[in-house]
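Peer 1: The sequence shown begins at 261 in the numbering used here and counts up by one. Heads up, the beta-carbon is just placed ideally off N, CA and C, and yes, glycines get one too.
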Amino acid sequence: MNFDAELKQKTGEIENIILKFLPKEEGIYKNLMEAMNYSVLAGGKRLRPMLMLETFRLFGGKNESILHPFMAAIEMIHTYSLVHDDLPALDNDELRRGRKTTHVVYGEALAILAGDGLLTYAFETVSKAFEAVDDNDDKAHTVYKRILKAINILAEKAGIHGMIGGQVIDIESEGRRIEKDTLDLMYRLKTGALIQASMMIGGVIAGAKDEEIRTIEAIAKDIGLAFQIRDDILDVISDDKTLGKPVHSDEKNEKCTYVSLMNIEQAKEEVAKVTERAIKAYKSLPYKNEFLEELIIKLINRDK
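1) Counting pairs of beta carbons, one from the segment 482-498 and one from the segment 415-434, are three or more of them closer than 8 Å?
2) With three or more beta-carbon pairs closer than 8 Å as the criterion, would you say the segment 325-333 touches the segment 384-392?
3) For residue 277, which option in 448, 312, 380 has the closest C-alpha, if you only look at C-alpha atoms?
4) Kindly give me the distance between the Cβ atoms of residue 326 and residue 413, rounded to whole angstroms, as I take these residues to be in contact under 8 Å.
5) Could you give the residue range of the alpha helix (DSSP H) that holds residue 328?
6) Checking the sheet assignment: what are the DSSP bridge partners for residue 356?
7) Just reading off the alpha helix (DSSP H) that residue 495 is part of, what are its end residues?
8) In terms of residue numbering, what span does the alpha helix (DSSP H) encompassing residue 451 cover?
9) Report yes if the C-beta distance between residue 443 and residue 517 is below 9 Å; otherwise report no.
10) State buried or exposed for residue 421, treating a residue as buried only when at least 16 other CB atoms are found within 10 Å of its CB.
11) Do you know offhand how far residue 403's Cα is from residue 395's?
12) Let's see if you can read the secondary structure: which residues bound the alpha helix (DSSP H) around residue 290?
13) Just to confirm, are residue 406 and residue 467 a CB contact at a threshold of 9 Å?
14) Rounded C-beta distance between residue 368 and residue 361? I'm assuming under 8 Å.
15) Do residue 314 and residue 552 have their beta-carbon atoms positioned less than 9 Å apart in this structure?
16) What did DSSP end up calling residue 502 once you bin it into helix, strand or coil?
17) In its own chain, which residues sit with a C-beta less than 8 Å from the C-beta of residue 472, not counting the 5 before and 5 after it?
18) Is residue 286 near the ligand MN, with its Cβ less than 8 Å from a heavy atom?
19) Relative to the C-alpha of residue 397, which candidate in 323, 350, 456, 305 has its C-alpha closest?
20) For residue 524, which residues from the same chain have a beta carbon less than 8 Å from its beta carbon, with the 5 sequence-adjacent residues on both sides left out?
21) The alpha helix (DSSP H) with residue 393 in it runs from where to where?
22) Report all residues from its chain with a CB closer than 7 Å to the CB of residue 373; omit the five preceding and five following residues, and keep chain order.
23) Could you tell me the distance, in whole angstroms, from the CA atom of residue 342 to the CA atom of residue 399?
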């Protein structure tokens, strides 16, 4: 099977896993669940749950059912961040993944609550990982500890010292030029933190050693940085239809990006440099997952 066919198959499998954990659209406040599900089911690459699953497989993980709640939860958290990011108070975007954003369809108030709901429901979802553990297994205690560690990683990387911290740097930097080091930090937090969480959780649940998790964290940090720089480039060279969201939004919102700090060719060179560093670190691991390696390269060099 070639990479594209395998990617399509795996994306479909992940989609089914996510569907299994979404809230039912029922009850007097079912509009909330509809708005939550509308946001999650708007499409997307499912990059984070896929990286989580493939890292789990890289380290020889066995019981994938324990990982499934985390795969759904990371997509819920990522989606909530997009719902809030699109709001008029932030980027004020009306198009996401090729269709109307949540606040355009459901109104600002419900969009805010849908984002809040997705974040909270994500942690309700990961608690279901404990249900997949066999209490009669002599390694059950070890697995419980791995789940708790994974939950801690998820909370930290999604929180004030992770994605939210990066978002704060982003909004406070609008309309002014910032140093490259600050921009790198913003990208590593705003975009990279959830990618780090995805790969680290995959490794932790699989039983990877502490030093291996640190290596995975460094690899994911670079993947996030390169991914976001590539996003800066696409915001300039792509179009609304291809990208599935408005281009030139960074310029509209007066955001400092790699393209505004340097020219496009220099930004592309930065992507290549960071990607090379990530792949070199990946190759230092004593395990191999050819699909994961190709996935990393293709995602960083994507056209949309």
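Peer 2: On the basis of the supplied data:
1) Taking one beta carbon from each stretch, the segment 482-498 and the segment 415-434 have fewer than 3 pairs nearer than 8 Å; the two do not touch.
2) Output reads yes: the segment 384-392 touches the segment 325-333.
3) Counting from one through the sequence shown, the residue named residue 277 turns up at place 17. Looking at the Cα atoms, 312 is the closest of the given residues.
4) As a first step, residue 326 must be located in the sequence shown, where it is residue number 66. As a first step, residue 413 must be located in the sequence shown, where it is residue number 153. Rounded to the nearest angstrom, the Cβ distance from residue 326 to residue 413 is 15 Å, too far for a contact under 8 Å.
5) Within the sequence shown, the letter at position 68 stands for residue 328. From DSSP, the alpha helix (DSSP H) with residue 328 extends over 324-345.
6) If you number the sequence shown from 1, residue 356 lands on position 96. For residue 356, which the question treats as bridged, DSSP gives the partners 359.
7) Position 235 of the sequence shown, counted from the first residue, corresponds to residue 495. From DSSP, the alpha helix (DSSP H) with residue 495 extends over 470-497.
8) Within the sequence shown, numbered from 1, the residue matching residue 451 stands at position 191. Element bounds for residue 451: n/a, residue is neither H nor E.
9) Position 183 of the sequence shown, counted from the first residue, corresponds to residue 443. Position 257 of the sequence shown, counted from the first residue, corresponds to residue 517. Result yes, Cβ atoms of residue 443 and residue 517 sit closer than 9 Å.
10) Residue 421 sits at position 161 when you count from the first residue of the sequence shown. Around the Cβ of residue 421, a 10 Å sphere holds fewer than 16 other Cβ atoms; the residue is exposed.
11) Position 143 of the sequence shown, counted from the first residue, corresponds to residue 403. Position 135 of the sequence shown, counted from the first residue, corresponds to residue 395. Between residue 403 and residue 395, the C-alpha separation is close to 10 Å.
12) As a working note, residue 290 is residue 30 in the sequence shown. Start and end: 290-300.
13) Position 146 of the sequence shown, counting from 1, holds the residue named residue 406. Position 207 of the sequence shown, counting from 1, holds the residue named residue 467. In contact: residue 406 and residue 467 (Cβ atoms closer than 9 Å).
14) In the sequence shown, the residue the question calls residue 368 occupies position 108. In the sequence shown, the residue the question calls residue 361 occupies position 101. Wrong, their Cβ atoms sit about 11 Å apart, outside the cutoff.
15) Looking up residue 552 in the sequence shown gives position 292. Looking up residue 314 in the sequence shown gives position 54. Taking 9 Å as the Cβ cut-off, residue 552 and residue 314 qualify as a contacting pair.
16) Taking the sequence shown and counting its residues from 1, one reaches residue 502 at position 242. Its pLDDT being 49, under 50, residue 502 is placed unreliably in this model, and the coordinates cannot settle the point.
17) Along the sequence shown, one-based indexing puts residue 472 at 212. Beyond the five residues adjoining it in sequence on each side, residue 472 comes within less than 8 Å, by CB distance, of 319, 463, 545 in the same chain, given in chain order.
18) No copy of the ligand MN appears in this structure; indeed no ligand is present at all.
19) Residue 397 sits at position 137 when you count from the first residue of the sequence shown. Out of 323, 350, 456, 305, 323 has the C-alpha closest to the C-alpha of residue 397.
20) Along the sequence shown, read from residue 1 onward, the residue named residue 524 stands at position 264. Counting only Cβ-Cβ distances below 8 Å, and skipping sequence neighbours, we find 493, 496, 497.
21) Residue mapping note: residue 393 aligns to position 133 of the sequence shown, counting from 1. First-last for residue 393: undefined, no H or E at that position.
22) By 1-based counting over the sequence shown, the position of residue 373 is 113. If you ignore the 5 residues before and after residue 373, its C-beta comes within less than 7 Å of the C-beta of 292, all in its own chain and listed in chain order.
23) Translated into the one-based positions of the sequence shown, residue 342 becomes position 82. Translated into the one-based positions of the sequence shown, residue 399 becomes position 139. Going by the C-alpha atoms only, they are around 38 Å apart.
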